[in-house]
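Number of protein chains: 2
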Amino acid sequence: MLNRVPPLVPPPGGADGPVVDALRFRDGMSRVAASVHVVTTDGPAGRAGFTATAVAPVTDSPASLLVCIDAAGRSARALAANGVFCVNTLAVSDRALAEAFAGHSGLSGEARFSAGRWGSLATGAPALETSLVAFDCRLVEARLVATHYVVIGAVVGVRLGPATTALAYRERGYHGL
Amino acid sequence: MLNRVPPLVPPPGGADGPVVDALRFRDGMSRVAASVHVVTTDGPAGRAGFTATAVAPVTDSPASLLVCIDAAGRSARALAANGVFCVNTLAVSDRALAEAFAGHSGLSGEARFSAGRWGSLATGAPALETSLVAFDCRLVEARLVATHYVVIGAVVGVRLGPATTALAYRERGYHGL
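Residue numbers (my numbering), protein chains in the order written: chain A, 691 to 867; chain B, 691 to 867.
1. What would DSSP say about A/Glu861, mapped onto helix, strand or coil?
2. Could you have a look at A/Leu818 and say whether DSSP puts it in helix, strand or coil?
3. Looking at the C-beta of A/Ser868, does it have a partner C-beta in chain B at a distance below 8 Å?
4. Got a sec: which bits of the stretch 833 to 845 of chain A sit with their beta carbon under 9 Å from any beta carbon on chain B, in order along the chain?
5. Would you mind sorting B/Ala786 into buried or exposed? The rule is 16 or more other CB atoms within 10 Å of its CB.
6. Between the stretch 796 to 821 of chain B and chain A, which residues of the former have CB atoms less than 8 Å from a CB of the latter, in chain order?
7. Let me see if you follow: with CB-CB separation under 8 Å, is A/Phe715 close to chain B or not?
8. Using the rule of at least 16 other Cβ atoms within 10 Å of the residue's Cβ for burial, across every protein chain shown, is A/Gly707 buried or exposed?
9. Give the C-beta separation of A/Leu829 and A/Leu780 to the nearest angstrom, bearing in mind that I take them to be a contact with Cβ-Cβ under 8 Å.
10. From A/Val774, A/Leu818 and A/Val748, pick the residue whose C-alpha is nearest to that of B/Leu868; which is it?
11. Quick one: residues in its chain with C-beta nearer than 7 Å to the C-beta of B/Ala761, no 5 flanking neighbours on either side, listed in chain order?
12. Measuring only the C-alpha atoms, how far is B/Ala805 from A/Val846?
13. Can you name the residues of chain A whose CB is closer than 8 Å to the CB of B/Phe740?
14. Please confirm whether B/Gly718 has its beta-carbon closer than 8 Å to some beta-carbon of chain A.
15. Within the chosen definition, does the stretch 707 to 723 of chain A reach the stretch 735 to 753 of chain B through at least 3 CB pairs nearer than 8 Å?
16. Roughly how many angstroms separate the alpha carbons of A/Val777 and A/Ala801, rounded to a whole number?
17. Find out if the Cβ-Cβ distance for the pair A/Phe825, A/Val841 is shorter than 8 Å.
18. Kindly provide the ranges of any alpha helix (DSSP H) runs that are 4 or more residues long and lie completely inside the stretch 783 to 848 of chain B, ordered along the chain.
19. For a cutoff of 8 Å on Cβ pairs, would you count B/Thr749 as touching chain A?
20. Taking Cβ-Cβ distances shorter than 9 Å, what residues in chain B pair up with A/Leu756?
21. Looking at the C-beta of A/Thr731, does it have a partner C-beta in chain B at a distance below 8 Å?
22. Check A/Leu713 in the structure and name its three-state DSSP category.
23. Would you kindly work out how many angstroms separate the C-alpha atoms of B/Val757 and A/Pro734, rounded to a whole number?
24. With DSSP collapsed to three states, give me the class of A/Gly736.
25. How about B/Gly718 and A/Leu811: are their beta carbons less than 8 Å apart?
26. Given A/Ala724, which residues of its chain have a CB within under 6 Å of its CB, disregarding the five upstream and five downstream residues?
27. So what does DSSP say about A/Leu780, is it helix, strand or coil?
28. If we cut at 8 Å on Cβ distances, does A/Gly707 have a partner in chain B?
29. Report the rounded CA-to-CA distance for B/His865 versus A/Gly763, giving the unit in angstroms.
30. Per DSSP, B/Pro747 forms a beta bridge with which residues?
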């Protein structure tokens, strides 16, 4: 079971004060390379999915990862209501899926799943058959930080796909790694 | 100011239940590519630093990022006590620093800073002069999730360094991107 204690560390300097502006932060973040994932969900609130790079492992005891997700979007509501999600790490050959699930091809909701071969693991969240790895997760916590949720999932299934070139994002463009 | 509300979403399936074992999770995570960072701190608890790949942007309003950090380590205690940290995104030419701050060269604490050119931005946390980008952060929250803290920082400074090749980690090895 994940510990769910209150914050242990009060901010010594206080939580408020000037921060850099959004543009400066985004310019800085463009220097950071990341894998590209499609995060999906399915259940009573329906099927939904979105492209994410803000994914990180939290601990392996118990196996847990986190995803940051725009709190205002339809995907966040569906994911929270369904209580399950699947993180699909994309191969470079699935770049078109990254663009579709980022909304760049004008598709939303269910229609985004018209491309790609989709199955599922334990939770029922869509798992992409061509993903490098799929992490099937049970939602443990969604913590609101201003505009985004930090969603923590307990990893109930891992499927390793082909060990091919990963799709990475850096300097506002896609790369293979 | 960052919202610091309790979890909004109770886990529909409950927080408990079987998860994949640590080895399986790590095998899965080896497929995920990530930038390599050295996260540093300085202040009353002294100077410390560690290599991290579990770094993600949270929101740009206000500019915030997160770092996952082993709760048992000296760096976590120093970071929490100092209340500030700096995320230094490494260029491929600083691979030796990644290894030193991961503890692979047998150095700990202050001694890790014997290599590299170090300055600081606003908070006093060490900023690497050759980093692709340095994010100077005020600690906002450190939330314990089992063995690790999810540390959220408000970004009070961003310094863009040379736009050279990034150091990335994937399949348990270093790569340039």
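Heads up, the beta-carbon is just placed ideally off N, CA and C, and yes, glycines get one too.
The answer reads as follows:
1. The residue labelled residue 861 of chain A in the question sits at position 171 within the first sequence. A/Glu861 falls in the coil class under three-state DSSP.
2. Counting from one through the first sequence, the residue named residue 818 of chain A turns up at place 128. When DSSP states are grouped into helix, strand and coil, A/Leu818 belongs to the strand group.
3. The first residue shown for chain A is 691 and the last is 867, placing residue 868 of chain A beyond what the model contains.
4. Here the close residues are Arg833, Leu834, Val835, Ala836, Thr837, His838, Tyr839, Val840, Val841, Ile842, Ala844 and Val845.
5. Counting from 1 along the second sequence, the entry for residue 786 of chain B is found at position 96. Exposed, since its Cβ has fewer than 16 Cβ neighbours within 10 Å.
6. The stretch 796 to 821 of chain B vs chain A, Cβ under 8 Å: nothing.
7. Position 25 of the first sequence, counting from 1, holds the residue named residue 715 of chain A. Chain B contact via Cβ: present.
8. Residue numbering aside, residue 707 of chain A sits at position 17 when the first sequence is read from its first letter. A/Gly707 is exposed by the Cβ-count criterion.
9. Your numbering for residue 829 of chain A matches position 139 in the first sequence. Your numbering for residue 780 of chain A matches position 90 in the first sequence. The pair is not a contact, with the Cβ atoms about 22 Å apart (cut-off 8 Å).
10. What is shown of chain B runs 691 to 867, which leaves residue 868 of chain B out entirely.
11. Taking the second sequence and counting its residues from 1, one reaches residue 761 of chain B at position 71. Only residues of its own chain outside the window of five on either side were considered, and among them Leu834, Thr837, His838 and Tyr839 have a CB closer than 7 Å to the CB of B/Ala761, listed in chain order.
12. Walking along the second sequence from the start, residue 805 of chain B turns up at place 115. Walking along the first sequence from the start, residue 846 of chain A turns up at place 156. Rounded to the nearest angstrom, the two C-alpha atoms are 41 Å apart.
13. Looking up residue 740 of chain B in the second sequence gives position 50. Correct list: empty, because the minimum Cβ distance to chain A is about 15 Å.
14. Position 28 of the second sequence, counted from the first residue, corresponds to residue 718 of chain B. The C-beta of B/Gly718 comes closer than 8 Å to at least one C-beta of chain A.
15. Contact holds: three or more Cβ-Cβ distances are below 8 Å.
16. For the purposes of this step, residue 777 of chain A is identified with residue 87 of the first sequence, where counting begins at 1. For the purposes of this step, residue 801 of chain A is identified with residue 111 of the first sequence, where counting begins at 1. Going by the C-alpha atoms only, they are around 19 Å apart.
17. Reading the first sequence from its first residue, position 135 is the one you call residue 825 of chain A. Reading the first sequence from its first residue, position 151 is the one you call residue 841 of chain A. Taking 8 Å as the Cβ cut-off, A/Phe825 and A/Val841 do not qualify as a contacting pair.
18. Within the stretch 783 to 848 of chain B, the complete alpha helix (DSSP H) runs of at least 4 residues are 785 to 791.
19. Counting from 1 along the second sequence, the entry for residue 749 of chain B is found at position 59. Yes, B/Thr749 lies at the interface with chain A (some Cβ there is under 8 Å from its Cβ).
20. On the first sequence, position 66 is the one that residue 756 of chain A refers to. In chain order: Ala744, Ala746, Leu756, Cys758, Val835 and Val840.
21. Start at 1 with the first residue of the first sequence, and residue 731 of chain A comes out as number 41. Output row for A/Thr731: interface = no.
22. Residue 713 of chain A sits at position 23 when you count from the first residue of the first sequence. Residue state for A/Leu713 is assigned as helix, using DSSP reduced to three classes.
23. Walking along the second sequence from the start, residue 757 of chain B turns up at place 67. Walking along the first sequence from the start, residue 734 of chain A turns up at place 44. Roughly 33 Å separates the two Cα atoms.
24. The residue labelled residue 736 of chain A in the question sits at position 46 within the first sequence. Of the three classes helix, strand and coil, the one that applies to A/Gly736 here is coil, per DSSP.
25. By 1-based counting over the second sequence, the position of residue 718 of chain B is 28. By 1-based counting over the first sequence, the position of residue 811 of chain A is 121. Contact: no.
26. Within the first sequence, residue 724 of chain A is the residue found at index 34, counting from 1. Counting only Cβ-Cβ distances below 6 Å, and skipping sequence neighbours, we find Thr743 and Tyr859.
27. Walking along the first sequence from the start, residue 780 of chain A turns up at place 90. Residue state, collapsed to three classes: coil.
28. Taking the first sequence and counting its residues from 1, the one referred to as residue 707 of chain A is at position 17. Taking Cβ atoms only, chain B reaches closer than 8 Å to A/Gly707, which makes this a yes.
29. Along the second sequence, read from residue 1 onward, the residue named residue 865 of chain B stands at position 175. Along the first sequence, read from residue 1 onward, the residue named residue 763 of chain A stands at position 73. Our two residues, B/His865 and A/Gly763, have alpha carbons roughly 34 Å apart in a direct line.
30. Mapped onto the second sequence, residue 747 of chain B falls at position 57. B/Pro747 pairs with B/Leu755.
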